[in-house]
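Quick note: the sequence shown uses our numbering, first residue 18, plus one each step. Where a beta carbon is used, it is the ideal one built from N, C-alpha and C, also for glycine. In what follows, a structure is listed as structure tokens, so that the remarks can point back to it.
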Amino acid sequence: MINTLDPKYEVKAKRIIGQIHGKQPGPILIFFGGIHGNEQAGVTALENVIKELEQSDHSFQGSLYAIKGNLPALVKGKRFLDKDLNRIWTTPEIQKIKARNPKGLLNEERQLLEILDLVQGILESGKGPFYFIDLHTTSSKTLPFITINDALINRRFSKLFPVPIILGIEEYLEGPLLSFINEKGYVSLGFESGQHTEDVAIKNSIAFTWLAMVYSGFLKKTDVKNIKGHYEQLQKSAENNSNFYEIKYRHALKDSMGFKMMEGFRSFEEVVEGTPIAIENDEFIEVEKDTILFMPLYQEQGEEGFFLIRKLPTWVLGLSAFLRRIRFGSLLQFLPGLSWANKEKESLLVNTKVASFFTKPFFHLLGYRNRVIDSTHFIMNNRELTAKNAMYRNTWWYRITTRKSL
Ligand SMILES: [Zn+2]
Numbered sequence: 018m019i020n021t022l023d024p025k026y027e028v029k030a031k032r033i034i035g036q037i038h039g040k041q042p043g044p045i046l047i048f049f050g051g052i053h054g055n056e057q058a059g060v061t062a063l064e065n066v067i068k069e070l071e072q073s074d075h076s077f078q079g080s081l082y083a084i085k086g087n088l089p090a091l092v093k094g095k096r097f098l099d100k101d102l103n104r105i106w107t108t109p110e111i112q113k114i115k116a117r118n119p120k121g122l123l124n125e126e127r128q129l130l131e132i133l134d135l136v137q138g139i140l141e142s143g144k145g146p147f148y149f150i151d152l153h154t155t156s157s158k159t160l161p162f163i164t165i166n167d168a169l170i171n172r173r174f175s176k177l178f179p180v181p182i183i184l185g186i187e188e189y190l191e192g193p194l195l196s197f198i199n200e201k202g203y204v205s206l207g208f209e210s211g212q213h214t215e216d217v218a219i220k221n222s223i224a225f226t227w228l229a230m231v232y233s234g235f236l237k238k239t240d241v242k243n244i245k246g247h248y249e250q251l252q253k254s255a256e257n258n259s260n261f262y263e264i265k266y267r268h269a270l271k272d273s274m275g276f277k278m279m280e281g282f283r284s285f286e287e288v289v290e291g292t293p294i295a296i297e298n299d300e301f302i303e304v305e306k307d308t309i310l311f312m313p314l315y316q317e318q319g320e321e322g323f324f325l326i327r328k329l330p331t332w333v334l335g336l337s338a339f340l341r342r343i344r345f346g347s348l349l350q351f352l353p354g355l356s357w358a359n360k361e362k363e364s365l366l367v368n369t370k371v372a373s374f375f376t377k378p379f380f381h382l383l384g385y386r387n388r389v390i391d392s393t394h395f396i397m398n399n400r401e402l403t404a405k406n407a408m409y410r411n412t413w414w415y416r417i418t419t420r421k422s423l
């Protein structure tokens, strides 16, 4: 383990890439780049945008912050030094870190505390609405895409962008930064712009940032000279794919040393039944059914070998939005085998022995995401009940239900 006090890792880089404050109140945008230290593209993109904003004479509404994530890991160009900074944002973990002697903290734990402090300061600085956007890149080739926790506010804001959207990744990952922020009820989008070192990953992040500034109302569309170009950049890069997808499988790695993806796969690639896609402990992994591959691992550090996803039909998305709007979920507690797991009524305890007729997809429709606690019980957390819908109700994008292009 690397001791965080080791002067070798002392970093002089500033965490805040830039901040812009308009004269008028308005949305508050928080962009992160480099939460993973080997993902420089987001940082470079934010530096580029900030420079242009500082030199412009636009009238801004609200505030924008561009923040660097894992400072020492960025210097080293490594995903992380001690542990993954994007897997430790759970309330119990944060409480543990806060309770410890700061001198004994690992690098990423110290990074977490600094970022948390900054975010809390920003949240106290204004009324919002707040928009959190986390820029990442992947080790494999990929179309650019958005990942969100499946709350309606996230769906609605993210579908403005002409790229595919992946729902429910938080069900498979423990402790990403955005899930933590989303649980506080704010709009929070992860944007994966391309492969780590490709130029297009920077270009896509720049385009995404400009669009987010316009869509949130921080900038007027007419003030951004090439807004159409930014839109088309993403649309072209995403090969006109703007579908919603759901994760259906995560290939967890206990030890990434024994795992190797076969060469040449990329995210969103359709793979036919029986195709060998990876080698694990000297054995081929073949896909059992025709499927879509997502985020295959082509680097040493990582906890997932690959994911499999499926496209969500439009009618499913429409039905689930409708059920959530009429608060169908509040009736569930009256059904056998279901009870509230906490007094805020955000979580539902499901006894699978009694409530065996309810399947996971049914709960997904209603905005619940599951966490298994033992072989006969799981807890479903409802994203909609924590979402701060009132904060976004007056935005132009909140009420539209169809995808809008520029
Ligand atoms: Zn990342």
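beta-carbon I52 near ligand 1 non-hydrogen atom, thresh 8 angstroms: yes
Does I33 pass the burial test, meaning 16 or more other C-beta atoms within 10 Å, or should it be called exposed? exposed
Contact belief for F276 with E305 at Cβ below 8 angstroms, rounded distance in angstroms: Between E305 and F276 the Cβ distance is about 18 angstroms, and since that is not below 8 angstroms, they are no contact.
Ligand 1 and T214: does the residue's C-beta get closer than 8 angstroms to at least one heavy atom of that ligand? no
Work out the CA separation of L251 and P119 for me, nearest whole Å. 42 angstroms
Since E110 and G192 should fall inside the 8 angstroms C-beta cutoff, what is the C-beta to C-beta distance between them, to a whole number of angstroms? 6 angstroms
What residues in its chain sit with their C-beta under 7 angstroms from that of K442, if we drop five residues either side in the sequence? Summary: the structure shown does not reach residue 442, with the chain confined to residues 18 through 423, and so no result is reported for it.
Where R410 falls, given that 16 or more other Cβ within 10 Å makes a residue buried: exposed
Ordered list of alpha helix (DSSP H) runs contained in the stretch 183-234, each at least 4 residues: 194-200 and 216-232
State yes or no: is the C-beta of N221 nearer than 8 angstroms to some heavy atom of ligand 1? no
Let me know if L46 comes out buried or exposed under the rule of 16 or more other beta-carbons within 10 Å of its beta-carbon. buried
Could you check where the alpha helix (DSSP H) with N118 kicks off and where it finishes? Where N118 is concerned, there is no enclosing alpha helix (DSSP H), given that its DSSP letter is neither H nor E.
DSSP three-state label for S284, please. coil
How about S3 and A62: do their beta carbons lie closer than 9 angstroms? Only positions 18 to 423 of the chain appear in the structure, and residue 3 is not among them; the question remains open.
Taking C-beta to C-beta, are I198 and V136 nearer than 9 angstroms? yes
For the alpha helix (DSSP H) that E126 lies in, which residues bound it at each end? N124 to E141
Where N171 falls: helix, strand or coil (DSSP): helix
If you reduce the DSSP assignment to three classes, tell me which class I77 lands in. In the sequence on display, residue 77 carries Phe and not Ile. Here F77 sits in coil by DSSP.
Report the residue from R344, T369, F235 and D307 whose alpha carbon sits nearest the alpha carbon of R424. No answer is possible for residue 424: it lies beyond the span of the chain, which begins at 18 and ends at 423.
With a threshold of 7 angstroms on Cβ separation, who are the neighbours of V217 within its own chain once the five nearest residues in sequence on each side are excluded? G211 and S254
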